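Engineer: What follows is a structure written as structure tokens; I'll ask about it next.
Number of protein chains: 6
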Amino acid sequence: MKRSQVLVAVIFLGLSLTAQKQFDQTFPPDVSAPDRLRTKRTSYSAIMDVLRPTRPRVTQAQLDQLKTLPLESIFGALGDYRLNYARGFTNTRPGERVIGRALTMRFLPPRPDLVRAAETVAKEADWDRRYYARAAEEAQPGDVIVAELGGAEGHNLFGAMAATGIKSRGVSGVVIDGGSRDLAELQGDAFKGFPVLAKFFHVTTTSWVGVEFNAPVHIGTATVLPGDVVVGEDEGVLFFPPEMLDRALTAATETERREAYERELLLQKKYRFRDIYPLSPALREEYDKSRKPR
Amino acid sequence: MKRSQVLVAVIFLGLSLTAQKQFDQTFPPDVSAPDRLRTKRTSYSAIMDVLRPTRPRVTQAQLDQLKTLPLESIFGALGDYRLNYARGFTNTRPGERVIGRALTMRFLPPRPDLVRAAETVAKEADWDRRYYARAAEEAQPGDVIVAELGGAEGHNLFGAMAATGIKSRGVSGVVIDGGSRDLAELQGDAFKGFPVLAKFFHVTTTSWVGVEFNAPVHIGTATVLPGDVVVGEDEGVLFFPPEMLDRALTAATETERREAYERELLLQKKYRFRDIYPLSPALREEYDKSRKPR
Amino acid sequence: MKRSQVLVAVIFLGLSLTAQKQFDQTFPPDVSAPDRLRTKRTSYSAIMDVLRPTRPRVTQAQLDQLKTLPLESIFGALGDYRLNYARGFTNTRPGERVIGRALTMRFLPPRPDLVRAAETVAKEADWDRRYYARAAEEAQPGDVIVAELGGAEGHNLFGAMAATGIKSRGVSGVVIDGGSRDLAELQGDAFKGFPVLAKFFHVTTTSWVGVEFNAPVHIGTATVLPGDVVVGEDEGVLFFPPEMLDRALTAATETERREAYERELLLQKKYRFRDIYPLSPALREEYDKSRKPR
Amino acid sequence: MKRSQVLVAVIFLGLSLTAQKQFDQTFPPDVSAPDRLRTKRTSYSAIMDVLRPTRPRVTQAQLDQLKTLPLESIFGALGDYRLNYARGFTNTRPGERVIGRALTMRFLPPRPDLVRAAETVAKEADWDRRYYARAAEEAQPGDVIVAELGGAEGHNLFGAMAATGIKSRGVSGVVIDGGSRDLAELQGDAFKGFPVLAKFFHVTTTSWVGVEFNAPVHIGTATVLPGDVVVGEDEGVLFFPPEMLDRALTAATETERREAYERELLLQKKYRFRDIYPLSPALREEYDKSRKPR
Amino acid sequence: MKRSQVLVAVIFLGLSLTAQKQFDQTFPPDVSAPDRLRTKRTSYSAIMDVLRPTRPRVTQAQLDQLKTLPLESIFGALGDYRLNYARGFTNTRPGERVIGRALTMRFLPPRPDLVRAAETVAKEADWDRRYYARAAEEAQPGDVIVAELGGAEGHNLFGAMAATGIKSRGVSGVVIDGGSRDLAELQGDAFKGFPVLAKFFHVTTTSWVGVEFNAPVHIGTATVLPGDVVVGEDEGVLFFPPEMLDRALTAATETERREAYERELLLQKKYRFRDIYPLSPALREEYDKSRKPR
Amino acid sequence: MKRSQVLVAVIFLGLSLTAQKQFDQTFPPDVSAPDRLRTKRTSYSAIMDVLRPTRPRVTQAQLDQLKTLPLESIFGALGDYRLNYARGFTNTRPGERVIGRALTMRFLPPRPDLVRAAETVAKEADWDRRYYARAAEEAQPGDVIVAELGGAEGHNLFGAMAATGIKSRGVSGVVIDGGSRDLAELQGDAFKGFPVLAKFFHVTTTSWVGVEFNAPVHIGTATVLPGDVVVGEDEGVLFFPPEMLDRALTAATETERREAYERELLLQKKYRFRDIYPLSPALREEYDKSRKPR
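Right under this line is the structure:
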């Protein structure tokens, strides 16, 4: 089709399309925000305004069960949330896992007006402008601090003093898409059971400015919403919504059980690998029988 | 000092400090947000709630003057905002500059609940969930689209069709901390005067989800607030608040004038370099004379 | 379930599973290869042995039509082959595209025994051990040389002399997951119409050893089979099987036509963006009408 | 010399050169491959067809001796094979070494036709399309699995279940130019003596397609042939042909002996460093005497 | 101002500026260096010629006190020297620290004339061309070897034999902006108390050429002068001039004391975080009291 | 050999080795440097003290001939200096080459004492502490500025004003292992014939401190000595000693001549590639005849 023909076609369609919205739309005026909205402890987020009503709070019992399951089995139970995964962290406590509820923070690079505004809000709200201090005052047992902080080119979240304060509130660990200071101290015995997963460690103090607290963030290519389930270890970190947890626990537990059976079979060296993993129909039948109460 | 001494000290100070806030503070209840706040065209941001009242709107005349000044002279006039700079972009139109007012967007990696929430809000607000479509409907002449999109590991903002729509609204260019598709088409003549600075180009369609529109974002290690002045070119991009623009224009213009004088002197090959750049007292005096009306 | 129960279960299932293959299987002896198989010009590949019978040869007419279509429209027509895409190349001829049939080569890092074996085969087969020389003797018009060569940590494929020889055979261009020398010469007028996409350019001569000719290779995260359709440009390169070409041409042509229409509509500034891209039902109807012969 | 002179020279040489092969050579027809060649367990490779007859099989005794020697002493004994070295791995078992015979695998990124062809071959050959399953059925004691899998931008080879199966065959370890899943499990006690060296660890399942089994591959900038000697540790991995092993054992053992002597001398703090390392003529004489039977 | 006006101004100022130095200055002849300057053990450096007279020698007592203080507290006491910090090292002895006086070395990539010159100087001076051998002969107890060696694209400094020699002189550790060999051996018990911090580990022998010994070098973005105080650990390395050490010890010790107090308060869970870190006026008063002799 | 035997051997060799130098050598006192050595314009370098007497000064005629030869032909004529090559630069003037004599500079990261010392020396010597200013006063026609400045993590050398001053002295171009500012201006017409090859471009001013002027430096993995021949272009930069230039010119010119002949033959499409490149004995004979005077 030649360009001129297109033009002709376009010209002729004008009349019949009066219902279409025009190029220069007029938009209705925005609703205005209440005066003190900016001092809400949980930063306002349109996304969470939609989602929060249907998100259950993860219980400690659920978290305890989660701790017994390997990362890969949980991954296998997450369906479309599988890809919501981040890696490339250094764990201050290799081998220790971070499991809990996401308490999220978002930071931006500092500049004078941003710092001034953050200070204004902090003063009005009577919280500390330093978000690590807020975590040390506001976090709940079972929380995991999840901080969006610029990744490899970002900045430090905190040091060991803030980590002490945060740990003292029962927080399970910290995931930082950015850095931390005090590596040596965080590796010490005082921080057993409190792993910090960070992209780097640097001696410097903090500088980026906290701008949203418990609102949606991203850690690498994973989105984290406040209240998400966090399962992290040296390999990487999974984040998924709390409403998936029961299903994930069931599926991962079943995976674990079947894989324990398969592992035993492998160690017996009786059957070839492909008949065990996955189970051949015959072995599957045996497995199913073995699970029934006798 | 031994640890035991510290303990003793701590124990004894209890009485005199009753005014201190306790470890387990109780916080006042949060104000609740109005029902339709989530459909505000300009996403609610506590930071902007503080700053917006004192931020002027950059005029076209200011932008026109800005276009005559090199990046480095503007940089030199920015004081504490100098470091608010991002680089590492590929320019679809090498040598063309991006100058205008920041219209910002923030994106997060997709996951089912996030997509669902964004769709809900879009439907309620009668805007398109695709933020590039919103830009093609809502942007104003002189705007520069500034999109936080995950950097080198992020995703695409748009392709040439959206670029056509956005350009047709008088937008001056686009800065993406992430990618774009349709590199070849954006390099074509149809996009003259509409440079796109992106971290990468990829054939794929878009996938990340727009979650904030005209709220604070970061591009690499620079914070960008909606309405900021944007000055970008192949070397990198400066972002600074509009209230600094007049001062920056004056200072950068004076720098340009003096450097033009210095350049002429250098090409004359009469004096040694260090007496010209910076001007020696004697040459400075001559320069000052040359500027007076005669 | 406790571990001991698993063991019990495993022990009891022995009898009923005699049909299962044992851990230590015995395998039938391999067929032996004919003496001169190693001198086949098209290296033997089990994968191609399966696929080749059903792969048509791409015609010049198809390639000519392909040249009129942008990369992104072709991408949109590729279904499950969309992800078979590689990027990160520098094009010696920015803006020129590489379109044709893949002639593939695979190289390995040199070591004395490998060099010796490659020389033995070359002598027996009467070809040149240097695969770029083979391309300059064996390539056909419309071929695109596709070389797996170690990526960013790999080595050079060739220099301008070999490029001259290869171009003289009617080859359309070269895609190297590795390097090339003679950047300046390849940018010169003599190589117009012969783009080389490489990961890097380096002054050194070649060293890696060609081990397979016209057998499956990978270029970054894309698999390339000999005879694949190659569509490359500055943004990246698509590879897909020849049997998909007709369908891709049809679909991409239709996309182009519709997008031309949409582009015209956008430039008219009459309707809002989202009603044009994608076309609203009303505009779609107009578009469909415009395409009918009148 | 001017260009025209070259042309004259070229034109005149035609007659005397009739023996030269022409630009458009005709090639003899290729030998055809036997029907079932594609189901050979050891993939057909022209290179191995030349080399295999003269490559001895490494014995367990040789491997045992190799385990007593440090990587650097073996490196020093490898002559032109020194550079056949790869590094950049993470070892699941820091400090444990991988020593054995290379069982190689080559993988390509998945696409529908490739997957279909691999499945066809696997069915015909009665092996498992998953190459990790083949390793768990076909590997021999003392083998080391060496997988070419795309490096840092590649994919996972396997997880802990396959590792269990492979380990149960007496395999000494795994070297992956790509990734693995189940890091935490592979670090557990069950995998003592079975180090996995990979470029990265990721929670995802496998996707790349095995296309050659026990044929030449490359791991970074090192070529690995099936049956090669593999010596790997945290620092990196050496690969060299089995026919070099006896010589390497002798030379490395002598190096070790001399260096033990030098180390003792250093710790004595009697002589200056440069007279000990390397041994001065006088100390060399003493050393030689010390080695003679007395 | 138009360009022509500038030119006029420039032309007229010629006369009054005769005191300015001319474009083509004549420079006084250089002083000639004494014959044997090139064999000075401490390489001649103009910078050190200025600074050395006022730089004290760090004492062992100072170093011993330094060992009791964490990196971050020392960092906090360094003022403008804080940024003189390097990171990105792998520590052969994770958790062990490198503290001492910098003995610096600078290396350049090898080329025939450079090697020849280095050999000539070494012969004249009666030292070993290999700088690691010089360190093993010339280093003093408490020294830390600091080698500028090309960073990630550089080369190896030494292996375990040289490390044995260097350690035997009482050297505290080694910081290499480049590589080392013999990772496994350096991790062994024989090297307890002798951490090597390097950018990478590689099996190869050394090749870069030592050109300056105990002259200024840089390690990443930190400048190191001979005699500087070095404090390194897994997180990174600080370098600062010896004249700052006393002040740094005092300030860091005070920081430690206060932070111990704060840590105790945090663990008491009595006051909210922000009143403890930093100490509120009331708590500060208590702290000050607690430090007074009672 | 057992460890105890080594010990015995070591103990017994004491007597016969009295001629060996002891562990704790005493070194002769160093020669002292003359007072004003630190103000030598050409920084003192032990390496250059050895090499300078035998290094000729490259003539303009040689440089002019060099400009006619491609990088790769010169590379082929450099023997052991081939590897003295650096790449990874962005050229401000793509396609333009940098050819000349190296005027080298070495920079270190700033810290207060280093800045103070550099200022002291500059004042005593009456030169400008800014080394770009020194280049703008001291460089000679045909020089190429070669600056070691920290590579990708380093800093800026200069901006357009200094470039103007340096260009005005007849300098041929600049190679920076570090950055530059004023990219846009350097790409302008005023800088035609003055290419700047840098690792990056950044808006910031300079900060690293010049510490050696015309002394040995390295650019990536290449060593550059003052007075070296520099041949750079988009692909990379070769550096080699002036005494090799005549030989390189002869060899590269002959290569060019032969390759022109080969290129003509290739374009004739008469003979197969391998008989032309390299020339078969018969064609070689024809070529040799064609070169004789007739």
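Chains as they are written, first to last, in my numbering: chain Y, 1 to 294; chain E, 295 to 588; chain L, 589 to 882; chain B, 883 to 1176; chain H, 1177 to 1470; chain S, 1471 to 1764.
Note that CB positions come from ideal geometry on N, CA and C, so glycine has one too.
None of the values given here were measured: they were computed from a predicted structure.
CB-CB under 7 Å to E:Leu-539, same chain, minus the five flanking residues each way: which ones, in chain order?
Structural biologist: Hits under 7 Å: Val-352, Gln-356 and Val-523.
Engineer: To the nearest angstrom, report how far apart B:Thr-1103 and S:Tyr-1601 are at their CA atoms.
Structural biologist: Approximately 41 Å between the Cα atoms of the pair.
Engineer: Could you check whether the region 162-176 of chain Y touches the region 85-98 of chain Y, counting it as contact only if at least three pairs of C-beta atoms, one from each stretch, sit closer than 8 Å?
Structural biologist: Output reads yes: the region 85-98 of chain Y touches the region 162-176 of chain Y.
Engineer: Closest to B:Asp-1025 by C-alpha separation, out of B:Gln-942, B:His-1100, B:Ala-999 and B:Thr-972, would be which residue?
Structural biologist: B:Gln-942
Engineer: Does DSSP put E:Val-344 in a helix, a strand or coil?
Structural biologist: helix
Engineer: With 7 Å set as the bound, which would you pick, yes or no: does the beta-carbon of E:Tyr-571 sit closer than that to a beta-carbon of chain H?
Structural biologist: no
Engineer: Using the three-state DSSP reduction, which class does H:Arg-1460 fall into: helix, strand or coil?
Structural biologist: helix
Engineer: Using a Cβ-Cβ cut-off of less than 9 Å, list which residues of the region 325-347 of chain E approach chain Y; keep chain order.
Structural biologist: Val-325, Ser-326, Ala-327, Pro-328, Asp-329, Arg-330, Leu-331, Arg-332, Thr-333, Lys-334, Arg-335, Thr-336, Ser-337, Tyr-338, Ser-339, Ala-340, Ile-341, Met-342, Asp-343, Val-344 and Leu-345
Engineer: Since Y:Gln-187 meets chain H, which of its residues come closer than 9 Å, beta carbon to beta carbon?
Structural biologist: The contact set of Y:Gln-187 on chain H, defined by CB atoms closer than 9 Å, consists of Pro-1270, Gly-1271 and Asp-1410 in chain order.
Engineer: Using the three-state DSSP reduction, which class does B:Tyr-1014 fall into: helix, strand or coil?
Structural biologist: Assignment of B:Tyr-1014 by DSSP, reduced to helix, strand and coil, places it in the helix class.
Engineer: Quick check on the burial criterion: 16 or more other C-beta atoms within 10 angstroms. Buried or exposed for B:Gly-1170?
Structural biologist: This sequence places Asp at residue 1170 of chain B; Gly is not what is there. Under this definition B:Asp-1170 is an exposed residue.
Engineer: For a test of the three-state rule: what should DSSP assign to E:Val-415, helix, strand or coil?
Structural biologist: helix
Engineer: So S:Gln-1495 and H:Glu-1361 are supposed to be a Cβ contact under 8 Å. How far apart are they, rounded?
Structural biologist: S:Gln-1495 to H:Glu-1361, Cβ: 27 Å. No contact.
Engineer: If I measure Cβ to Cβ from Y:Ala-251 and keep anything under 6 Å in the same chain, skipping five residues before and after, which residues do I get?
Structural biologist: Ala-77
Engineer: Could you pull out every unbroken beta strand (DSSP E) segment of at least 3 residues lying fully inside the region 146-180 of chain Y, listed in chain order?
Structural biologist: 173-180
Engineer: As a quick exercise: from Y:Phe-27, Y:Thr-223 and Y:Val-31, pick the residue whose alpha carbon is nearest that of Y:Ala-102.
Structural biologist: Y:Thr-223
Engineer: Taking only three categories from DSSP, how would you classify E:Lys-486?
Structural biologist: coil
Engineer: Does the distance from the C-beta atom of E:Pro-536 to that of E:Arg-349 stay below 7 Å?
Structural biologist: Contact check for E:Pro-536 against E:Arg-349 passes: the beta carbons are separated by less than 7 Å.
Engineer: Among E:Asp-324, E:Gly-445 and E:Thr-386, which has the Cα closest to the Cα of E:Ala-484?
Structural biologist: The shortest Cα separation from E:Ala-484 among E:Asp-324, E:Gly-445 and E:Thr-386 belongs to E:Thr-386.
Engineer: Suppose the cutoff is 8 Å on Cβ atoms and the five residues either side in sequence are ignored; what does the same chain contact list for B:His-861 look like?
Structural biologist: This structure cannot settle anything about residue 861 of chain B, because the visible part of chain B is limited to 883 through 1176.
Engineer: Just to confirm my understanding: we take L:Val-734, look at its own chain, exclude 5 residues before and 5 after, and list those with CB closer than 6 Å. What are they?
Structural biologist: Ala-690, Thr-692, Val-763 and Val-812
Engineer: Taking the beta strand (DSSP E) that S:Arg-1765 falls in, what are its first and last residues?
Structural biologist: Nothing in the structure corresponds to residue 1765 of chain S, since chain S is present only between 1471 and 1764.
Engineer: According to a CB-to-CB cut-off of less than 9 Å, which residues of the region 390-412 of chain E neighbour chain Y?
Structural biologist: Phe-401, Leu-402, Pro-403, Pro-404, Arg-405, Pro-406, Asp-407, Leu-408, Arg-410, Ala-411 and Ala-412
Engineer: I want to know whether the region 1586-1595 of chain S touches the region 1628-1640 of chain S - three or more CB-CB distances under 8 Å.
Structural biologist: no
Engineer: Please classify H:Phe-1265: does DSSP put it in a helix, a strand, or coil?
Structural biologist: coil
Engineer: What does L:Arg-845 reach in chain S if we use C-beta pairs closer than 8 Å?
Structural biologist: Within 8 Å Cβ-Cβ: nothing; L:Arg-845 doesn't reach chain S, min ~37 Å.
Engineer: Beta carbon of E:Glu-365, beta carbon of E:Glu-527: below 7 Å?
Structural biologist: Here the sequence assigns Leu to residue 365 of chain E, which means Glu is not the residue at that position. Contact flag set, yes.
Engineer: Output, in chain order, the set of chain B residues within a Cβ distance shorter than 9 Å of L:Tyr-669.
Structural biologist: Neighbours of L:Tyr-669 in chain B, taken as residues at a C-beta separation under 9 Å, are given in chain order as Arg-993, Pro-994 and Asp-995.
Engineer: Could you tell me which uninterrupted beta strand (DSSP E) segments, each at least 3 residues in length, are contained entirely in the region 202-286 of chain Y, listed from first to last along the chain?
Structural biologist: For the region 202-286 of chain Y, whole beta strand (DSSP E) runs of length 3 or above, ordered along the chain, are 209-213, 217-219, 222-224, 229-233 and 236-240.
Engineer: Which of the three DSSP states, helix, strand or coil, is assigned to H:Leu-1373?
Structural biologist: strand
Engineer: Does any CB atom of chain H fall closer than 7 Å to the CB of B:Glu-954?
Structural biologist: yes
Engineer: If we cut at 7 Å on Cβ distances, does L:Gln-613 have a partner in chain Y?
Structural biologist: yes
Engineer: Please return the same chain residues whose Cβ sits closer than 8 Å to the Cβ of Y:Leu-266, not counting the five positions on each side in sequence.
Structural biologist: Phe-273, Ile-276 and Tyr-277
Engineer: Taking 6 Å as the line, does the beta carbon of S:Gly-1649 fall inside it for any heavy atom of the ligand PLP?
Structural biologist: The ligand PLP is absent from the structure shown, which contains no ligands of any kind.
Engineer: At what residues does the beta strand (DSSP E) containing S:Leu-1541 begin and finish?
Structural biologist: Counting along the chain, S:Leu-1541 falls outside any beta strand (DSSP E), though it belongs to the alpha helix (DSSP H) covering 1541-1546.
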